[in-house]
Amino acid sequence: MQIEINPFQELYVTETAEPAEFVRLFSPYLVEHAQLLYSHGNVVLKGTQGCGKSMLLNLLRPDIRAAYFDAKKEFPLSAARLRRFISAGINITRSGVTYIGQRPIGKDPECDEALFPLFFADFVNYWIVIDLLRSLEYMTHPARGFDDVIRADALNEFAKRLSQGMCWFGFLDGIEDYRSLRAKMESRITTYRSFHQANINYLPANIQETKTTIGEPISWAADCMWDTKLLPDDYHVFVRIDQHEFLSRSDDLRPELGEQYRRVINKALSTRDPRISYKVGTRRYAWDENMVVFRTDQKLEKERDYRVIDLDDLLRRQEVSSTWVFPAFARDVFMRRLEYGSLETYKGDLLRKVFKSAEKPNIVASEYVGNSHAERALNIDNKWPTKWKSFLRTLFDEDPLSAKLAEAWLRQQIERAPDSCNLEKLLPKTTPYPWNKTYWKKERIRQAQMQLASRCGQRLLWSGAESVIALSGASTLIFLSICQHIWDVFLRSQRGLPDKLKTNPRKSGIKRRIQAVGIQTASTYWYHKITEQPDGNDRQRFIDYLGRVFQESMLGDNTMSSPGANGFSILKDGFESDEQLKRFLGDAVDYGNLVDAPHTTKYKDRKQRIKWYLNPIYSPYYRIPESHVKEPVYVTVNKVREWIKESGVSLGLFASIPPTKSREVKDNSGQLTLPFSAASKSRET
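Okay, so the sequence shown: first residue is 219 according to the numbering used here, each after it adds one.
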């Protein structure tokens, strides 16, 4: 293995890789969980950046399938019924379709606004049909692993019939062969691009007068393939639409125009055309916020017009750890990257070999403490009985973590009965100590380590395979980024060493301190990356505010009575009724700054709530635990609005519908107290 090369240097390689590279790098682990994507019917594939949407969609490309055949590797869609398809697609960002609307077409601006969505639909139609032609050409070549080779001698007949469709409004009249058909269609895309690049002064009349209706040319092309026997009758036609969120989450499009373009795509799905199955890749909230069909009052209906695969939900950690998909997926991705970089084949849990297991909590706590005395590391009250103080000091010398937990446990007992608590009677005589009860201890270990590190002037450190997976937040992209930064630090540590002193990480692993530095660097990288996205500066200010609040809360909670104070929860009704807040927090989730999940209140009313946490990758930056072991802090919609305001962000920029008192849902179920900074700690949560 070449240890001088970082196998994780290119984070996005699977999105831009050549087909042969894709075969080596693509992990098929998620395919079995996303079978719906490869079956007949419209499917929306939702998820945050880096969760694998584009990779799963790219598996539908014919060149990718052929590459598996050439490499003599089994195609991930092993069932014969799942391989009988042809697909075409458009990537919203890379195709250039969003240039439409950025340059006037006529002299009347109002007329242009009405026509832009029609030109958008036309561009999408032509682009997809052209890509369908490419797929046909690819499948006509023998020995590429397809179950049925497309008959090349039928292409001309197909082209002639396709050009005669009424959906083209005469633009393809006179086409007699396949070569002429493709050239004519590609010339239309070229003309669109030339116009929007200002290489020509006007959009020709033969384009302005032959605009197509969204979806119709694609369906007609499917009919022509079957009618001319170019495509077997039992083949499905799949249409990929990737990076759909760009229509509503890009500064390149005016919001009102992006909304109309979204509605055009909605119209394609709303027809429920049995000939075509649309496969849409998008971010979560970007999809849910606009379901209206173009030029109608109709809305798309889930399960009727489309079905959903939520990759975030699939990859998110579950209550039962054995059902958590992401760790096994990450291990497979990790192994494939190392194999790709070294041309070697590995077996076993390579992730654990390289990063090792997480260190035991008590050992980590002892490292934070170092040579510090109990008086510095602990927060011992001078009013406590001498026996307790002596006990805590002695216990600290043996096990700093246990001593910190004992301190918190004692404070909890005092807090429950401040006037009647007999402290000396609470002093345990033998083990096991009451603060070592499994769940009580498990919920407070990370907070205890955090407080010890802070009082001893140390940073929280992350290392080990478990930490790398936990900090990834179920994002493949973040996982690869963490690996990349750790590997960079490792390579720097090797420079200048004699060859005999250099280590092979696959065999010897990477030292914990090196991992900790790499993880800290990765966390800082992702923090600064927030501002690269639309409205990123506002979201970064809010994330900053939350990070400080959570840190102060967990450090100041000496009783450790709220170990879940690194997240917040609000009633679902209140969230759904506040359009501005919904858009702001939805954006934060879509861009991966926050992680959300539904949950049921612990109170008797059993009302549905939604909880939010910072993306785990920010935990090292803010020096807070990434684990979520207890209920988050319960707050109202108004409190979250107050946080946003105090962070310097105006919610008025995120929706056109202001909140009203009649729509505000109050949470009177009893709220936990969240300590704040000195400027705001007196306010009620």
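Built from N, CA and C at the ideal position, the CB exists for glycine as well.
LEU832 has LEU812 as its beta-bridge partners, per DSSP.
Using a 10 angstroms sphere on the CB of GLN320, the tally of other CB atoms stays under 16, which defines it as exposed. For GLU684, the closest alpha carbon among the candidates GLY675, PHE697, ARG677 is that of PHE697. Nearest C-alpha to SER787 among HIS462, ASP391, ALA815: ALA815. Contact between the segment 629-645 and the segment 545-558 is not established, with fewer than three Cβ pairs separated by less than 8 Å. Exclusion of the five residues before and after LEU465 leaves GLY476, TYR479, ARG480 as the residues of its chain whose Cβ lies within less than 6 Å of its Cβ. When the alpha-carbon of ASN374 is set against those of LEU354, MET384, PHE364, the nearest one is in LEU354. Between LEU689 and the set GLU844, LYS378, TYR256, the nearest pair of CA atoms involves GLU844. Nearest C-alpha to ARG535 among THR721, ASP796, MET273, ILE687: ILE687. In this structure the segment 331-345 touches the segment 397-416; the number of beta carbon pairs closer than 8 Å is three or more.
Residue state for ASN417 is assigned as coil, using DSSP reduced to three classes. Burial is judged here by how many other beta carbons sit within 10 angstroms of a residue's own beta carbon; SER296 has fewer than 16 and is exposed. For ARG242, the enclosing alpha helix (DSSP H) covers residues 237-243. Distances from the alpha-carbon of CYS701 to those of LYS718, PRO723, GLY714, ASP717 put PRO723 closest. Distances from the alpha-carbon of TRP386 to those of ALA238, ARG301, SER437, LYS659 put SER437 closest. Here the alpha carbons of LEU243 and GLU228 stand approximately 12 Å from one another.
ASN580 is the residue among GLN631, ASN580, GLN630, ASP599 whose C-alpha sits nearest the C-alpha of ASP615. Within a 10 Å sphere around the beta-carbon of ARG299 sit fewer than 16 other beta-carbons, which makes this residue exposed.
Relative to the Cα of ILE418, the nearest Cα in the group ASP349, LYS497, PRO322 belongs to PRO322. For ILE368, the three-state secondary structure derived from DSSP is coil. Per DSSP, the unbroken alpha helix (DSSP H) holding ASP349 starts and ends at 327-358.
Sixteen is the threshold: when 16 or more other Cβ atoms of the shown chains lie within 10 Å of the Cβ of GLN461, as they do, the residue is buried. Distance check between PRO450 and each of ARG279, ARG301, SER868, TRP627 places ARG301 closest, using alpha-carbon atoms only.
When beta bridges are read from the DSSP output, GLN826 appears opposite THR818. ARG554 sits buried, since 16 or more C-beta atoms from the chains shown fall within 10 Å of its C-beta. Contact fails between the segment 266-281 and the segment 414-431, because fewer than three Cβ pairs, one in each stretch, are under 8 Å apart. By the C-beta density criterion, HIS359 is exposed, having fewer than 16 other C-beta atoms within 10 angstroms.
Counting along the chain, no beta strand (DSSP E) covers VAL511, and no H or E run does either. The Cβ-Cβ distance between VAL498 and VAL262 falls below 8 Å.
When DSSP states are grouped into helix, strand and coil, ASN600 belongs to the coil group. Taking the Cα of LEU764 as reference, the smallest distance to any Cα among GLU860, ALA377, TRP627 is reached at GLU860. For ILE459, the enclosing beta strand (DSSP E) covers residues 454-460. Contact between LEU644 and GLN631 holds, with the beta-carbon distance rounding to 6 Å and staying under 8 Å. Nearest in C-alpha terms to LEU628, of all of GLY307, MET778, TRP705, is MET778. Contact annotation: ARG379 and CYS442 have beta-carbon atoms nearer than 8 Å.
The Cβ atoms of CYS674 and ALA592 lie no closer than 8 Å to each other.
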